[in-house]
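Protein chains in written order, with the numbering used here: chain A, 1 to 195; chain B, 196 to 390.
Here a beta-carbon is modelled for each residue, glycine too, at the ideal position from N, C-alpha and C.
All values derive from a computational prediction rather than experimental measurement.
Below is one structure; the comments refer to it alone.
2 protein chains.
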Amino acid sequence: MAVYTIPARSGLALPVERGRHYKVINTHGYQVVDHWVFNATDINEFMSMEHARVAMNKLVPKPGDSMVTNQRRPIVTLVEDTSPGVHDTLIAACDAYRYRQLGVTSYHENCTENLANALKAIGVPKAETPCPFNLFQNSKYIDGRGFDFRPAASKKGDYVTFRADMDVIVCFSACPHDISPINSGNPTEAHVEVI
Amino acid sequence: MAVYTIPARSGLALPVERGRHYKVINTHGYQVVDHWVFNATDINEFMSMEHARVAMNKLVPKPGDSMVTNQRRPIVTLVEDTSPGVHDTLIAACDAYRYRQLGVTSYHENCTENLANALKAIGVPKAETPCPFNLFQNSKYIDGRGFDFRPAASKKGDYVTFRADMDVIVCFSACPHDISPINSGNPTEAHVEVI
């Protein structure tokens, strides 16, 4: 077993072989972790929220559900979730444009750059930024009212475990958003165990 | 005013200048039209459902709402909708993989290829396939039950009108799906007026 840190406000990319499991741990309990998965042998095939929603016939997976790629193939399967199961598949990764709109005038870390930098660090120079699977993100959509960005419903040490259904590169960003309450105003590190 | 046909089961790509309007007409009333928009001067900037949902704070726009790009800039604004307003931003474009999974063993037209072919026809060799804005698609999501793929709620001649907020390439596919009832089992042509 190997344990990796997703540093606070930063990203991480890891190769994971088919059949192995990885556990994403919400170390401090209130941290959103943006999550992407790419086919290790073809960066143009990746976990796709708009394809996965159809395949699982849900907005958010439950244990046993597979996430599929933009070629409709299972890429990872959610096997365990000790959190209340509140995650998001509807919201784009934060980016420099978003923070400018929110009134930030200086540089702000963001999940879109964290993905690009994490991939670059393992030698992948360029990939799409697919819609992320936002683990622990509590951005409930209420018909007629819109999104309610709330603190995560998870508690310290909650985790989700995925099985890799092909050789993959898994990517994470410990979301640096500190304006709405989605990270309780205090973005922290999270951890990943590859088992 | 110019009128264009989106042929049944096929696609169309058109440049539209900033400030001009285009009207997407559900000529026969029950046809889903997949819709994508690209910045005419940078194909890597495009209308993005996951960014638009946040910007408009809705799953589906109402007249007055702007759709934004993956750089969070307004690209087109919905200015009029004579249909009941039932559209979709959650579901991927159909593709060859989807029809194989649905049991189709021979070639089946699909919206993903229709987009690529329509762009190629106007000299754009390669672009991403963003999640489409599925006009008139009635795929209601019911919590705990999943998606209910129903015939369109629109009637013959219903239309939606958009204003281009920058110079754009607008793309459409008259969805060829003839397995679930989303096109009432009879995919047809639709029309676009550029005003």
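Next item on the list: Taking the CB atoms as reference points, tell me whether V16 (chain A) and V194 (chain A) lie closer together than 8 angstroms.
Entry: yes
Notebook entry, point to check: For H87 (chain A), which of A:I6, A:N26 and A:Q71 has the nearest alpha-carbon?
Noted result: A:N26
Notebook entry, point to check: What residues in its chain sit with their C-beta under 6 angstroms from that of K335 (chain B), if we drop five residues either side in the sequence?
Noted result: D343
Notebook entry, point to check: Within 10 angstroms of its Cβ, does R340 (chain B) collect 16 or more other Cβ (buried), or is it exposed?
Noted result: exposed
Check: Does DSSP put V249 (chain B) in a helix, a strand or coil?
Finding: helix
Next item on the list: Tell me whether P125 (chain A) sits in a helix, a strand or coil according to DSSP, three-state version.
Entry: coil
Check: Does the beta carbon of Y294 (chain B) sit closer than 8 angstroms to a beta carbon anywhere in chain A?
Finding: no
Next item on the list: Work out the CA separation of T5 (chain A) and I122 (chain A) for me, nearest whole Å.
Entry: 15 angstroms
Note to self: Does P256 (chain B) come out as helix, strand or coil in the three-state DSSP assignment?
What the structure shows: coil
Checklist line | Residues in the stretch 331-355 of chain B having any Cβ partner in chain A nearer than 7 angstroms | finding: Y336, G341 and F342
Check: Mind checking G11 (chain A): buried by the 16 CB within 10 Å criterion, or exposed?
Finding: buried
Check: Does the Cβ-Cβ distance between C370 (chain B) and I364 (chain B) come in under 8 angstroms?
Finding: no
Next item on the list: Identify every residue that forms a DSSP beta bridge with M262 (chain B).
Entry: B:V271
Next item on the list: Give the secondary structure of M47 (chain A) by DSSP, where H, G and I count as helix, E and B as strand, and everything else as coil.
Entry: strand
Checklist line | Other residues of its chain near T307 (chain B): CB distance less than 6 angstroms, five sequence neighbours each side excluded | finding: A288, D290 and T324
Note to self: Given this structure, state the Cα-to-Cα distance separating T77 (chain A) from Y217 (chain B), to the nearest angstrom.
What the structure shows: 42 angstroms
Item checked: Reduced DSSP category for M210 (chain B) - H, G, I as helix; E, B as strand; rest coil -> It should be noted that the sequence gives Pro, not Met, for residue 210 (chain B). P210 (chain B) falls in the strand class under three-state DSSP.
Next item on the list: Assign M361 (chain B) to one of two classes, buried (16 or more other C-beta atoms within 10 Å of its C-beta) or exposed (fewer than that).
Entry: buried
Margin query: With a threshold of 8 angstroms between beta-carbons, can A235 (chain B) be considered close to chain A, or not?
Written below: no
Check: What do you reckon, are the CB atoms on T69 (chain A) and M47 (chain A) nearer than 8 angstroms?
Finding: yes
Item checked: Expected contact under 8 angstroms - CB spacing of K350 (chain B) and G224 (chain B) to nearest Å -> 5 angstroms
Checklist line | 8 angstroms Cβ cutoff met for A247 (chain B) and T284 (chain B) | finding: yes
Margin query: So, for F357 (chain B): in the same chain, excluding its five sequence neighbours on each side, which residues have a beta-carbon less than 7 angstroms away from its beta-carbon?
Written below: H216, Y217, V271, T272, L273 and V274
Notebook entry, point to check: Hey, quick one: how far does the beta strand (DSSP E) through V174 (chain A) stretch, first residue to last?
Noted result: As written in the sequence, residue 174 (chain A) is Ala, which differs from the Val given in the question. V168 to A174 is the extent of the beta strand (DSSP E) around A174 (chain A).
Note to self: Just to make sure I have the definition right: I need the residues of chain A whose C-beta is within less than 9 angstroms of the C-beta of S408 (chain B). Which are they?
What the structure shows: Past the edges of chain B, shown from 196 to 390, lies residue 408 (chain B), and the structure says nothing about it.
Check: The alpha helix (DSSP H) spanning Y199 (chain B) covers which residue range?
Finding: Careful: Y199 (chain B) lies outside any alpha helix (DSSP H), inside the beta strand (DSSP E) at A197 to I201.
Next item on the list: From the DSSP output, read off the bridge partner residues of S334 (chain B).
Entry: B:F344
Item checked: F172 (chain A) and D34 (chain A) closer than 8 angstroms at C-beta -> yes
Notebook entry, point to check: Does N381 (chain B) have its Cβ less than 8 angstroms from a Cβ in chain A?
Noted result: no
Next item on the list: Within its chain, find whatever has a CB closer than 6 angstroms to the CB of R150 (chain A); leave out the 5 residues flanking it on each side and keep chain order.
Entry: N138
Next item on the list: Report the option in B:T277, B:R204, B:A197 and B:V198 whose CA atom is closest to the CA atom of N381 (chain B).
Entry: B:R204
Next item on the list: Kindly indicate which residue of B:L297, B:T383, B:I286 and B:A359 has the alpha-carbon position closest to the one of L193 (chain B).
Entry: Since the first and last residues shown for chain B are 196 and 390, residue 193 (chain B) lies out of range.
Item checked: Where the stretch 252-270 of chain B meets chain A: residues whose CB sits under 7 angstroms from a CB there -> N252, K253, L254, Q266 and R267
Notebook entry, point to check: Where does Y294 (chain B) sit, in a helix, a strand or coil, going by DSSP?
Noted result: helix
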